[in-house]
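Since the structure comes first, as structure tokens, the remarks are kept for the end.
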Ligand code: AMP
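Residue numbers (the working numbering): 1 to 406.
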């Protein structure tokens, strides 16, 4: 049987991330990152499979648009020297990461004119992401029109939340008029780690109550019961919930009214304040990078220590809330840059949680790359599970395309 190669594309404002993988074996044939799209000295970092491992090359090219960037990626994948496929027809389908699908999409979707239109409609809700995803979809369609394309939405996994969870206590008309509600993000990651945790535990996902903590520069928690999202900490935008690298997470919105009045802040200054100057960076005054926070806290820097303590406290808060919401917890998962790599953070979060049955085994926690880090007899399985959004997007893409042929 020929390999089922899926090309995963994630188009940002000035970047294209790509990964070509055989979805059945999960083998990555190539992956890379096109940086500085729109500039003459754009860079393609290409990582590709060779006979005994992987090779890396870096190319500097004039890449004026996403279309030019994706064309180069498609050529590079078939390149005699650095390519991994003979022909573009060796690609079974293309999966696009799309941040916002609004209320309409509870699942990934085969891309046609209606889906493109719906993604366009959601530009208002995700102005920093959806326009670039759409540019990538249009470019791919023009370059390889006979290939199937699928949109995998970050919001789709959370569309199972109940009305009493996703509504804000604002006038109801604002929900009807402007779609003001909680949508949730990082859905692809939460879904992947929940599925993978169940697999590692050899349990049925349907039987588990899981709290997934995606802790990277962006951070969110998700309560997953019976395989579906019942609540998540991000909301109308990816600003709410946990404290993040440079984002506030939850705080009293009246602070903004006060500051607008006191400091005559403009809309864009408010946006910069809460999205880029806050979080770990805003509290520590040092960095958004968690490693720097730990390093400086260890050296006795009080603001770095405060940033760390606040970050941990918010995570604990959501674990408590979601345990109550699901009337229990079977599995607590840590994922993404901080969750996967920081035993210190995992230990701090799980400290004084024995009332809920949560504890970590120091040895397992310090040495774990993937798997259970709680003691054997612990009531709750605490786990470290590296996320793999590209793999989930590839699987979703293959599933949707296969569904067409049934
Ligand atoms: P992500 O957005 O998932 O790439 O995660 C980025 C965050 O992970 C940054 O705050 C990094 O400092 C953090 N991170 C990456 N590696 C480590 C590590 N070994 N220990 C602690 N934090 C890490």
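The beta carbon of each residue, even a glycine, is placed where N, CA and C say it ideally should be.
Please read these numbers as outputs of a predicted model, since none were measured by experiment.
Of the candidates 372, 350, 378, 372 places its Cα closest to the Cα of residue 196. For residue 27, the enclosing beta strand (DSSP E) stretches over residues 27-35. Residue pairing by DSSP places residue 5 opposite 22, 91 in a beta bridge. Selection around the ligand AMP by beta-carbon proximity, strictly under 6 Å to any non-hydrogen atom, yields 216, 217, 245, 289, 290, 291, 336, 337, 338, 341, 342 in chain order. Residue 291 sits away from residue 246, with the two beta carbons spaced by 7 Å or more. The Cβ atoms of residue 151 and residue 115 sit closer than 7 Å to each other. Fewer than three beta-carbon pairs drawn from the segment 300-311 and the segment 173-181 are found closer than 8 Å, and the two stretches are therefore not classed as touching. The DSSP-derived three-state label of residue 149 is strand. Secondary structure at residue 155: coil, using DSSP grouped into helix, strand and coil.
By the neighbour-count definition (other C-beta atoms within 10 Å, threshold 16), residue 126 is a buried residue.
Taking residue 236 as the centre and dropping the five residues before and after it, the same chain places the C-beta of 180, 181, 182, 183 closer than 7 Å to its C-beta, in chain order.
Between the C-alpha atoms of residue 238 and residue 6 there is a straight-line separation of about 28 Å.
In summary, residue 30 is buried, with 16 or more beta-carbon neighbours lying within 10 Å of its beta-carbon over all protein chains present. Looking at the backbone, the Cα of residue 346 and that of residue 229 are separated by about 22 Å.
Sixteen is the threshold: since fewer than 16 other Cβ atoms of the shown chains lie within 10 Å of the Cβ of residue 65, the residue is exposed.
Taking C-alpha positions only, residue 211 is separated from residue 13 by approximately 31 Å. In this chain, the beta strand (DSSP E) harbouring residue 59 covers 53-63.
Per DSSP, residue 351 lies in no beta strand (DSSP E) and is assigned neither H nor E.
Under DSSP, residue 210 takes part in a beta bridge, and its partners are 224, 331. Judged by beta-carbon spacing, residue 234 lies within the 7 Å limit of residue 220, meaning their Cβ atoms are closer than that value.
The C-alpha of residue 385 lies about 45 Å from the C-alpha of residue 264. Separation of residue 120 and residue 388 (C-alpha to C-alpha, rounded to the nearest whole angstrom) is 27 Å. Distance between residue 25 and residue 393, taken at the CA atoms: about 15 Å.
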